[in-house]
Structure formats: structure tokens, C-alpha cells
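Chains A and B are the protein sequences, given in the same order. If you use this note's numbering, the first sequence corresponds to residues 3 to 397, in order. If you use this note's numbering, the second sequence corresponds to residues 91 to 569, in order. Idealized CB from N, CA, C, for every residue including glycine. Working notes for the structure below.
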Amino acid sequence: MLGFGKKKPEVAPPAPVAAPSAPVPAQPQTPKTPVYSATPSLTPAAAAEQLDAHLREIIQWHFSPETGCPFWLDWKTKVGWDPREEVKTHHDLVKFDHFEDEWLRDEKNERFVPKGMGGRPFNVFETGGTTGLPKQRVGWDDYKHDYEQFGDNLSDEFFPRGSNWIMVGPTGPRRLRLAVEHLANYRGGSCYHVDLDPRWVKRLIGRKQYDEVERYQAHVISQAVEIIKHRDIACIFTTPKLLASLGERISVPSQGIKGCFCGGTSMTPEYVRFLQVEVLENKAQFVPTYGNTLMGLAMSVPEELAQNNYSVTYWAPQPRAILRIVDPENTAKTMDYGQYGRVELTTLTKEFFMPRFLERDEAIRRPPHAKFPWDGVGDVRPFGFLENKIIEGVY
Amino acid sequence: MSIPHIPILRRGQAYESLDVQTVSNVAGTAPACEVSFACADMIKHDLLRIRDAREALQKFRCEDLVRICKHAADLFLTDTLPVGSRGDMQSPEDYVRQLAMTSGLPHSLIRMNMKRLHGVLVQTDIILKGLTRGLDLSVLDNGYGEQNGAPVSFAAMTDCLGVVLPSNSPAVNALWVPSIALKIPVLLKPGREEPWTPIRLIEALKKAGAPAEAFSFYPTQHDGSGAIIRRAGRVMLFGGDDTVKEYEHDPRVEVHGTGYSKILIGEDEIENWPSYIDTIVESVSANSGRSCINVSVIVVPKYGDEIAKAVAEKLLAIEPLAQDDPNAKLSGFANPKFASMIDGAIESGLKEGAWDVSESLRGGRKRFQSRDGMNYLLPTIVRVPAWGHPLAVREFLFPFASVIESPQAEMIPHLGKSLVVTAVTKDLAWINQLFACPTIDRLNIGNVPTNHLKWDQPHEGNLFEFLYARRSFQIEQIA
């Protein structure tokens with residue numbers, strides 16, 4: 003198999019790209035990649051055809067000197083094969099080796115800027131960063147597309163159009179900060195924010211300062227409670243832990259919250275049930291999502307949570323991203339339906355190309371759904387969960 | 091064949107989780123029960139409403155709760171009680187068999203522990219008398235009263251007692267049981283291989299008349315334990331040295347870790363050492379050496395080699411037997427990795443100049459043995475050259491002790507934290523020094539095995555003083 007290898011790619015002479023701060027006379031719109039909202043009429047075969055057509059377009063974009071970015075163009079030169087010739091369907095993606103997230107730390111962001119973006123200044127979004135330099139991803143409008151697509155799938159009953167939102171979670175340099183506000187605006191409302199710094203929380207946990215973690219969490223929740231009590235808010239984005247913590251302070255639905263869009267960490271079915279039935283009192287709708295700065299948002303079908311015993315399946319925002327459940331010992335192999343494997347993410351937009359990134363999660367491969375006619379990933383949990391559980395069981 | 095499903099108990103209400111884990115027999119060949127697991131946030135959520143459980147207990151008078159505990163003693167020992175949430179019933183023999191399956195304990199030791207728990211329940215009044223120094227328990231019912239002619243009032247410092255239990259011995263459950271008679275509900279987190287004893291005790295207490303709301307039971311992972319430890323008003327925590335160290339200065343948390351219990355023979359009694367060998371052997375090996383009250387260090391001014399050999403010889407009789415053999419005294423390891431980890435630690439220590447007396451007497455037969463799919467460690471006495479040796483002060487989950495020769499004058503300075511110390515001596519000056527030693531939790535003077543507990547004495551902290559604080563008060567007539 004041809005691949006990147008582990009070595010940091012040699013730095014090629016930089017392609018002429020505009021610095022983020024350089025004045026740009028005209029702001030060309032991002033060339034839009036197609037967005038497929040849930041389309042019940044689409045068959046899995048038709049969805050796969052659309053995916054392949056989109057894939058060819060993205061490959062063409064990123065590996066053509068006229069539109070591609072220095073990182074991928076240099077890569078192509080180095081490996082000696084041209085994806086434009088060899089990658090025609092999503093099955094061909096295995097010709098790429100795994101994308102290494104270290105590149106997002108080691109490479110300058112400018113090297114990921116496609117020439118096709120026309121020199122438009124980019125946003126920098128971060129992920130990780132508890133210690134050292136965080137991983138960064140450049141972006142322009144992807145987050146808007148992703149969250150509009152997600153917003154089109156929200157229930158008007160539980161996320162009423164025109165109602166206000168509150169975001170209680172990591173803001174700062176994260177994509178989420180802009181994305182949730184855009185989602186609120188897209189659905190006709192405004193968004194309030196309460197920040198939580200996850201890097202600080204991780205440090206506290208690392209030092210076993212659990213009391214301090216609780217105090218910090220209480221500080222965050224107190225701010226959220228004040229806003230929820232004194233402003234007209236019907237929709238919330240938060241993390242599962244913060245939602246549970248909020249539920250300790252107030253009856254969330256009694257304060258007017260009708261819908262909760264939740265993401266950030268893995269949730270067992272029992273935890274999902276607890277949040278939906280006890281924290282949201284089965285009155286507000288719980289919408290779990292799986293996503294990150296690199297992917298966008300994988301969606302679930304909240305209406306079916308109870309009938310599925312609160313086992314959540316997520317479907318990637320295909321064709322903009324593909325989630326595949328792979329055999330950890332042989333990542334070229336896709337696991338069978340119903341089996342656990344490691345989550346592999348491929349991001350396919352004109353702003354960002356990231357083939358076969360191995361997430362630090364494992365999940366069950368689930369079949370296509372009428373709303374999302376492609377493979378889903380179910381019961382996501384940290385990779386190596388069983389091994390870790392054995393260690394935990396020693397105590 | 092169906093197996094019991096052990097549910098979560100949320101203030102007495104059975105709750106079946108979607109997170110179900112199967113606990114198998116020690117050999118890993120057959121499931122013994124399913125256990126519902128709670129998430130940490132559920133526990134936090136429930137703790138906000140734990141006051142309801144306390145109110146349910148406050149409707150009873152203490153003397154009624156004492157009577158309920160005494161009645162529960164017999165039910166626990168002899169009755170067929172519900173187990174789990176799906177209608178299964180458990181006879182005493184079922185309990186013995188089920189606990190043996192998951193814990194590796196031989197039936198004989200489980201029966202011994204059952205009797206010990208029965209003894210605790212049936213002596214609830216004596217235990218409370220010891221803990222409260224003879225307080226008329228109606229003081230807790232009325233809020234105030236008199237003790238020895240002085241006005242007294244006690245306020246509960248918590249609405250519940252959280253207990254993070256280990257798996258190593260059923261008898262540890264004796265420590266939380268008096269909380270019910272003191273009107274403080276319990277919130278129990280069982281050890282992974284041992285949901286059986288707390289559940290059976292709860293069922294016995296309920297059948298005897300205790301309100302179901304008084305019992306919360308949360309099988310959970312580490313984060314759930316953390317929620318109990320950080321959120322419950324008072325916590326009894328069993329764990330290793332690291333866990334203990336983390337919470338030893340938290341006044342809400344009573345930590346129960348390794349005991350490092352010791353037997354000392356004074357210079358005045360050392361010539362009579364053969365008379366004390368049986369006491370030493372019992373202290374090392376009772377309950378398969380799994381308790382914190384088992385001796386792990388034997389300190390003598392001389393005859394170290396002879397005493398080590400004499401103890402080791404007697405312990406040779408303890409061998410892995412079938413679990414249902416009435417003569418079985420040695421427990422297998424529920425976690426098979428534990429036996430090899432402990433064995434490795436001992437072997438590593440032996441390379442530093444210690445001598446495995448037991449292995450020599452066994453003719454080189456290895457300490458690590460397997461039988462019926464379980465791993466065992468044979469009783470081991472090591473002779474160490476000095477206090478500083480890596481094996482000198484160690485505690486393992488099987489009959490293990492080191493023998494150290496040390497002048498009497500150097501014993502107390504080297505003792506360190508010791509849950510139980512038995513000192514065989516008549517030397518009054520030394521006895522006074524031992525009573526003055528702050529690192530000894532429980533002191534026996536004379537030929538007393540360390541595992542012999544008197545229930546009118548507090549064990550590892552005074553539960554009453556942990557749960558209640560004396561309040562100053564004055565009541566004057568209103569005009």
C-alpha cells in the first residue's frame with residue numbers, strides 16, 4: 003500500500019498563499035460542497051454513488067495545482083502516485099495511509115490552505131492542547147454548512163424556530179463557539195454563551211484535584227442557571243456531564259428548555275437514558291451527536307432513542323465526512339455489522355481533506371437508516387475500553 | 091439456567107440498568123449473576139434526595155431499630171431471602187455457593203464470616219453501647235437528654251453513610267450495619283466480586299422491618315465511587331495505600347486500608363515463645379489471611395529463626411482444597427492476575443536478602459499453585475534481616491508474615507501505622523509506652539490473636555462519633 007509513512011513530509015517551497023492578516027480585496031465565497039440533508043428517498047446504493055462523485059471532485063480539488071494546498075501537493079510529489087488517477091470510489095480510500103493528527107500540530111496552517119480558496123483569510127480552530135501546542139485546523143465556511151445541515155434535521159417542536167439558545171461548554175478557540183451561534187442564528191434565534199475550559203479541567207483531573215473540578219463545574223453551572231432563569235431560552239447545547247450537573251441545580255424543562263443538543267464525550271445507553279428520562283424528565287428532547295473540529299457533526303435519530311433502548315447510532319454528515327468501523331489489527335478491513343471496531347474518519351470538503359484518520363474511539367458498525375442511507379456508528383466509547391476496564395476491575 | 095440479576099437500589103427501589111455486567115465464577119467458566127451498573131451522575135442525582143431516606147429511618151425509635159437488627163441476624167444466617175430483582179430466592183446454602191463462586195472463598199470461611207456478621211447484628215445493642223459510651227439511645231430519638239447526669243444532645247453530621255466496599259472479605263460489612271440502628275441510611279458500593287453479602291444483609295434487615303428507603307446500593311465504576319466519596323456527607327472507604335493516602339486528611343472520610351497488624355513478643359516473655367505459636371498462627375492465617383486484622387509482621391527480640399520455622403511448620407497444613415471441603419482454609423484469588431503479581435513481589439523482595447522459611451520446609455514446592463481453575467498462594471513466612479527490608483512490613487491477601495528480630499526498645503519507634511498490635515509481655519513500663527503510641531489503633535496485651543475483636547470496642551474509628559457530633563444546648567422556659 004502506498005502511504006504517507008510516519009516521517010514528517012519534507013517542506014517544499016511554499017506556495018504563494020495570502021497570510022491570514024493580509025488585506026483581501028474581494029471575499030470570494032467558499033466553493034460549496036454539496037450538503038445532503040436526510041433524504042429518505044435516497045437508497046444506500048444511490049448514496050454511495052453520490053459519495054463517490056463527491057469524493058472524485060474533492061480529490062481533484064486538493065491534488066490539482068490550481069486549487070490544492072501545499073501540504074497535499076507536496077505529499078503527492080513525494081509518494082509518487084496521483085490520487086486523481088487512482089482514487090475513484092470510497093473503496094479506493096484505503097490506498098491512503100492514515101492521516102496523522104500530529105501534522106496538524108507540526109505543519110504550519112498555511113500549508114493546508116487550498117489555493118482554490120482565493121487567498122481568503124481563514125479561521126483557525128483548535129482541538130486538544132491540554133499540554134503543548136494544540137492541533138489546529140483551518141476553515142472558512144464548513145462549520146456553517148455542517149451546522150445548517152444539522153439544523154435542518156432538528157425538530158421544530160423541540161427546537162422551535164426563532165427561539166434562543168444557550169451554549170454551555172468549551173468556547174475559546176474551538177469551532178463549536180461559532181458553530182452553535184450560527185446554528186441558533188440559522189434557526190432564527192440568538193445564542194448566549196457560558197464558557198468551560200476543558201484544558202484546565204483535564205489538568206485538574208491530572209493532579210487529582212477533584213474538589214477543584216467540582217468547584218469549577220459549579221462555577222460554570224451557576225452562570226448558566228442565571229442566564230436560563232432570566233432569559234427566554236428554549237434550546238441548549240452542552241456536554242453530557244454539564245447537562246447532568248445543570249439538572250442537579252434546576253429542573254431543566256421547567257425552565258423552558260425544550261431541546262438539548264449534546265456532544266463531547268461518549269455516552270453509554272444507560273447514561274443516555276438517565277439524561278433523557280431523569281434530567282430532561284422526558285419532556286425536553288435529547289439529541290446526542292458525535293463530532294469534533296475535524297469532522298463536523300454526526301447525527302442520531304432522537305425520536306428512536308427509547309425504542310432502541312437508548313443505544314445511540316450516529317451517521318456521518320456524508321458525503322462531507324465518512325465514518326468507517328475498522329479492524330484495529332488490520333485497518334484496511336471494515337468490520338461486519340454489529341461488531342465493535344475502531345472509528346476511522348475521512349473528511350472530504352474543499353476546505354479540508356483528511357483521509358482515514360483513526361479516532362481515539364471504538365464503536366459498533368450499524369446499518370444504514372432510512373434517514374441516513376449509509377453506515378452508522380453505534381455505542382461509541384473510548385478505544386481500548388475493554389482493556390482499560392480490566393485494569394479498573396483490579397481494584 | 092437463569093442467574094440472579096442484582097439491581098441498583100435507589101433509596102430501596104430496585105432499578106435495572108442498561109449497563110449490565112456479568113460476574114462469573116473465579117475460573118471464568120460460568121456466569122454467577124448479572125449486575126446493574128449505575129453511572130456517577132445518577133448517584134449524584136440521587137444524593138440530592140437522600141434526605142428522604144433519613145426521614146424514613148427517623149420515624150423509628152432507636153430501640154426498635156436495634157430490635158430489627160437483632161431479628162435480621164437470624165434471618166441473615168438461616169432464612170431464604172430474595173436475591174435480585176427477578177424473583178430469585180436465596181437460601182443460606184445458595185449464598186455460600188454463590189459467594190464462593192465469585193470470590194474464591196472456601197465455604198468454611200464464608201460460614202465463619204456469616205457467623206461473624208450474625209454476631210454483629212445480634213449484638214447491635216452492645217456495639218452501640220460501646221460506641222456511645224452507654225448513651226441512652228432515646229437521646230437520638232428526642233434530640234436531647236441526659237448522660238451520667240449531664241445534658242447532652244447529638245446532631246447527625248450527614249443524611250447518609252456512603253460505603254465503598256472491597257471484595258476481599260464479607261465480614262467488612264459488619265462496619266456499616268450499626269449505622270441503620272443509628273438512623274443513618276447507607277449508600278453502598280459493593281466490590282466487583284462481592285455483591286452478595288450487602289444485598290443479603292439488606293434483604294434480612296428489610297424483612298425484619300427496616301424501611302427499604304434506608305438502603306441505596308450502587309454497583310458502579312471508579313467515577314461512581316468518586317461521586318460517593320465526594321458527595322456523601324460521611325464515607326467509609328476501603329482501598330489500597332494510594333486510595334487511603336488521598337483521603338486520610340478528609341474528616342468526612344474514614345479510610346480502611348492495609349492494617350499492617352503486628353505481634354510483638356517482649357524480652358520478658360521471649361523464653362516462653364513456644365507457648366505463643368498457636369496465637370501467631372491463628373493471627374496470620376484466620377480468614378485465609380485476607381483481613382486487615384491478620385498479622386503481617388512478627389517482631390521478636392531473639393529466636394527469630396526458630397519462631398519463623400515453628401509458625402511456618404504449622405501453616406504447612408493449610409493447602410488448597412475443594413471449595414466445599416469443610417477443612418478448606420485457604421482462599422483462591424478472584425482475580426487470577428493478583429496471585430501472580432503478589433508472588434512476583436515476594437520473589438523480588440527475597441532477592442534482597444530474605445529467606446522464605448515456608449518454601450524451604452515444603453522442599454522447594456512453589457508458593458503459587460493452581461487447583462480447580464483457581465490460583466492460590468501457599469502460606470508464607472519470610473525471615474527478614476531488619477526493619478528496612480522490602481518484605482519487612484508488607485501486607486498481602488493471603489497468609490503471609492515476616493519475622494524480624496529487634497531489641498524491644500527499638501520496636502515501638504519502628505512500628506508505624508498498625509491496625510492491631512498484640513504485645514505479649516508483662517513489662518508494665520513497656521505496656522505504658524505501647525498505650526501511649528499514637529500509631530496503634532487497637533492494642534491487645536497478652537496472648538490474644540489479632541483477629542479476636544470485642545464488639546464493645548470501636549474498630550477502625552468510632553462510627554457514632556463519625557456520624558454524630560455533640561451539640562451544646564440550653565432550654566429555658568418561655569414566659
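Interface partners of residue i on chain A, CB under 8 angstroms
i: residue 320 of chain B; result: 212, 213 and 216
i: residue 123 of chain B; result: Within 8 angstroms Cβ-Cβ: nothing; residue 123 of chain B doesn't reach chain A, min ~15 angstroms.
i: residue 336 of chain B; result: 210
i: residue 129 of chain B; result: 270, 272, 273 and 276
Residue burial classification, residue i (beta-carbon count within 10 angstroms, cutoff 16)
i: residue 460 of chain B; result: exposed
i: residue 249 of chain B; result: buried
i: residue 259 of chain A; result: buried
i: residue 36 of chain A; result: In this predicted model, residue 36 of chain A has a pLDDT of only 47, less than 50, meaning its place in the structure is not dependable; the value taken from the coordinates is given anyway. Classification for residue 36 of chain A: exposed.
i: residue 118 of chain B; result: exposed
i: residue 317 of chain A; result: buried
i: residue 202 of chain A; result: exposed
i: residue 23 of chain A; result: Because residue 23 of chain A sits at a pLDDT of 38, beneath the cut-off of 50, its placement in the model cannot be relied upon, and the following sentence gives the value as read from the coordinates. It counts as exposed.
i: residue 395 of chain B; result: exposed
i: residue 126 of chain A; result: exposed
i: residue 306 of chain A; result: exposed
i: residue 380 of chain A; result: buried
i: residue 61 of chain A; result: buried
i: residue 364 of chain B; result: exposed
i: residue 286 of chain A; result: buried
i: residue 204 of chain B; result: buried
i: residue 568 of chain B; result: exposed
i: residue 516 of chain B; result: exposed
i: residue 132 of chain B; result: buried
i: residue 339 of chain B; result: exposed
i: residue 565 of chain B; result: exposed
i: residue 383 of chain A; result: buried
i: residue 179 of chain B; result: exposed
i: residue 67 of chain A; result: exposed
Nearest residue (CA-CA) to residue i, options the options
i: residue 342 of chain A; options: A/323, A/292 and A/386; result: A/386
i: residue 375 of chain A; options: A/331, A/338, A/303 and A/333; result: A/303
i: residue 561 of chain B; options: B/234, B/172 and B/123; result: B/234
i: residue 92 of chain A; options: A/58, A/77 and A/155; result: A/58
i: residue 261 of chain A; options: A/157, A/50, A/117 and A/369; result: A/157
i: residue 270 of chain A; options: A/255, A/242, A/281 and A/297; result: A/242
i: residue 151 of chain B; options: B/410, B/173, B/464 and B/232; result: B/232
i: residue 582 of chain B; options: B/500, B/99, B/349 and B/528; result: This structure cannot settle anything about residue 582 of chain B, because the visible part of chain B is limited to 91 through 569.
i: residue 510 of chain B; options: B/161, B/549 and B/158; result: B/549
Host alpha helix (DSSP H) of residue i (start-end)
i: residue 77 of chain A; result: 72-81
i: residue 200 of chain A; result: 200-208
i: residue 46 of chain A; result: 46-64
i: residue 186 of chain B; result: 182-193
i: residue 556 of chain B; result: 553-557
i: residue 547 of chain B; result: Taken as a continuous stretch (DSSP letters only), residue 547 of chain B belongs to no alpha helix (DSSP H), as it is neither H nor E.
Where residue i meets chain B, residues with beta-carbon distance less than 8 angstroms
i: residue 271 of chain A; result: 108 and 109
i: residue 226 of chain A; result: Simply none; closest approach about 16 angstroms.
i: residue 311 of chain A; result: 108
N- and C-terminal bounds of the beta strand (DSSP E) containing residue i
i: residue 240 of chain B; result: 240-246
i: residue 326 of chain B; result: 324-328
i: residue 333 of chain A; result: 332-336
i: residue 137 of chain A; result: 137-141
i: residue 513 of chain B; result: 508-514
i: residue 464 of chain B; result: 464-467
Chain-ordered chain A contacts of residue i [CB-CB under 9 angstroms]
i: residue 134 of chain B; result: 246, 247 and 250
i: residue 138 of chain B; result: 250
Contact list for residue i against chain B, beta-carbon separation under 9 angstroms
i: residue 316 of chain A; result: By Cβ distance, chain B contributes nothing, its closest Cβ being about 18 angstroms from residue 316 of chain A, past 9 angstroms.
Residue i at chain C interface by Cβ criterion, 8 angstroms
i: residue 97 of chain A; result: The chain inventory of the structure shown lacks chain C, comprising the protein chains A and B.
Counting only Cβ-Cβ distances shorter than 7 angstroms, please list the residues of the segment 270-297 of chain A near chain B, keeping chain order.
270, 271, 272, 273, 275, 276 and 280
Residues, ordered as in the chain, of the segment 301-326 of chain B that lie near chain A by beta-carbon distance below 8 angstroms
311, 312, 316 and 320
Quick one, which residues of the segment 353-371 of chain B are near chain A if we go by CB-CB under 8 angstroms, in chain order?
none
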